[in-house]
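The sequence shown maps to residues 617 to 949 in the numbering used here.
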Amino acid sequence: MSGHATLPLILTCGEPAGIGPELAPRALAAGVPMVWMGDPRHLPAGTDWAEIAAPGDPVAPGRLAVLRHDFPAPVTPGRPDPANAQAVIDVIARAAGLAMQGAAAGVVTLPINKQALKEGAGFAFPGHTEYLAHLAGGADVVMMLASTSVRPPCRVVPATIHIAIEDVPRALTPALLERTIRITHAGLIRDFAIPAPRIAVAGLNPHAGEGGAMGGQERAWMIPLCDRLRAEGLAVSGPHPADTMFHAAARARHDAAVMAYHDQGLIPIKTLDFAGGVNVTLGLPFIRTSPDHGTAFDIAGRGVADPGSTIAALRMAWDMAQARAETRPRGAR
Ligand SMILES: NC(=O)C1=CN([C@@H]2O[C@H](COP(=O)(O)OP(=O)(O)OC[C@H]3O[C@@H](n4cnc5c(N)ncnc54)[C@H](O)[C@@H]3O)[C@@H](O)[C@H]2O)C=CC1
Ligand SMILES: NCC(=O)COP(=O)(O)O
617 MSGHATLPLI LTCGEPAGIG PELAPRALAA GVPMVWMGDP RHLPAGTDWA
667 EIAAPGDPVA PGRLAVLRHD FPAPVTPGRP DPANAQAVID VIARAAGLAM
717 QGAAAGVVTL PINKQALKEG AGFAFPGHTE YLAHLAGGAD VVMMLASTSV
767 RPPCRVVPAT IHIAIEDVPR ALTPALLERT IRITHAGLIR DFAIPAPRIA
817 VAGLNPHAGE GGAMGGQERA WMIPLCDRLR AEGLAVSGPH PADTMFHAAA
867 RARHDAAVMA YHDQGLIPIK TLDFAGGVNV TLGLPFIRTS PDHGTAFDIA
917 GRGVADPGST IAALRMAWDM AQARAETRPR GAR
């Protein structure tokens with residue numbers, strides 16, 4: 617056992633027409649070592665910043681360290697420019713590359729606009745989660761959103777993510793659900809110091825199918841899958857009716873909830889803790905967190921964006937980096 621993380625986190629700029637640039641200087645309030653990667657011309661006027669050549673280079677306290685990445689086109693808040701799309705993608709890849717080389721403690725991503733990247737640069741991924749998994753050589757990952765300021769905590773993992781609701785029943789297979797549960801289980805042990813994670817699984821249908829009266833997936837394979845994993849020793853419960861999994865007493869009974877689809881999980885967490893919710897990718901070879909919100913074009917450039925979720929994402933990533941450093945064998949990177 618050894619050590620603690622010393623290298624900074626990299627905060628990627630995300631979509632520069634969104635609220636990312638104004639959140640960057642305010643993220644210093646997290647009080648953890650970080651550098652921002654992006655085009656400094658996008659930062660709010662008056663930002664105290666200094667360019668550095670590598671993540672570990674020193675800057676004066678209170679000053680934003682910048683790993684410069686120039687963008688080709690000027691930015692208008694609220695109006696993404698297709699000409700900048702490839703640079704947004706390149707920043708993510710560059711930051712992930714540095715983290716994989718061991719040159720940074722992890723990556724915290726400011727939001728991207730998926731539509732702008734698809735239209736501007738043919739971005740072929742639904743989001744950071746899948747792109748980072750690809751950059752990591754096809755890592756088996758899940759998306760978890762974790763609260764930081766509600767008790768009992770709320771942690772949700774959607775088994776299917778950014779797909780049309782009409783495609784969910786076909787995409788939600790026994791293999792996908794089992795894989796999602798196993799990655800969640802391993803991630804809670806590794807990064808959340810929960811030695812025997814309790815995982816609640818949501819049914820797909822109202823009332824978890826009501827014994828087959830409201831849908832058949834629960835009886836056909838979800839109950840047998842949960843039974844099998846329990847027999848193996850995993851603390852898996854369910855499938856539960858999704859609508860009663862998130863009141864306080866229900867949250868106290870699990871460490872994470874694996875949900876059938878995006879909104880089944882993201883609506884409760886964003887309702888309970890929008891300002892403190894953190895998106896974590898479990899299963900990557902490096903640490904990645906993100907605020908839970910998007911690009912917020914409707915308020916971009918006005919200086920009113922709440923930095924709470926970004927600050928929480930930085931602190932969570934830093935805590936994860938410390939925990940990993942403490943359990944890393946001496947001499948290993
Ligand atoms: N990790 C990422 O890169 C994410 C990207 N997105 C993307 O963001 C874009 C916009 O998504 P929306 O669904 O509209 O969600 P959104 O989170 O951008 O905005 C929803 C509402 O919340 C408000 N809001 C968001 N963040 C806020 C903050 N920090 N402070 C104050 N108010 C805030 C916005 O003004 C808006 O009214 C989409 O392209 C989506 O794909 C969405 C979620 C995560
Ligand atoms: N709805 C969550 C979201 O869009 C985050 O996606 P990702 O960019 O973190 O994969």
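Yeah, the Cβ is synthetic: ideal placement off N, Cα and C, and Gly gets one too.
- Between G694 and F913, the gap from beta carbon to beta carbon is short of 8 Å.
- The DSSP assignment places 894 to 898 as complete runs of the beta strand (DSSP E) inside the segment 875 to 901, in order along the chain (cut-off: 3 residues).
- When beta bridges are read from the DSSP output, A851 appears opposite R814.
- For T745 and A829, the gap between their C-alpha atoms comes out near 36 Å.
- Collapsing the DSSP output to three states places E667 in a strand.
- Within 10 angstroms of the beta-carbon of Q731 lie fewer than 16 other beta-carbons, which makes it exposed.
- Judged by beta-carbon spacing, V704 lies beyond the 8 Å limit of E638, meaning their Cβ atoms are not closer than that value.
- If you draw a straight line from the Cα of A755 to the Cα of P901, it comes to about 8 Å.
- Two segments are said to touch when three or more pairs of C-beta atoms, one from each, lie closer than 8 Å; by this definition the segment 768 to 784 touches the segment 792 to 802.
- DSSP places T796 inside the alpha helix (DSSP H), whose first and last residues are 790 to 808.
- Assignment of P696 by DSSP, reduced to helix, strand and coil, places it in the coil class.
- In the DSSP secondary-structure assignment, P690 is not bridged to any residue.
- The segment 720 to 737 makes no contact with the segment 757 to 772; the number of CB pairs closer than 8 Å stays below 3.
- Less than 8 Å divides the Cβ of M653 from the Cβ of R710.
- In the three-state reduction of the DSSP assignment, S925 falls in the helix class, which pools H, G and I.
- The closest CA to that of R684, considering only I626, T692, F741, D807, is found on I626.
- Annotated three-state conformation of H856 is strand, per DSSP.
- As the crow flies, the alpha-carbon of V920 is around 31 Å from that of D673.
- For A737 against A701, the beta-carbon gap comes to about 4 Å, under 8 Å, which counts as contact.
- Any heavy atom of ligand 1 counts here; residues with a Cβ closer than 5 Å to one of them, in chain order, are P727, I728, N729, K730, S906, H909, G910, T911, A912, D914, I915, A921, D922.
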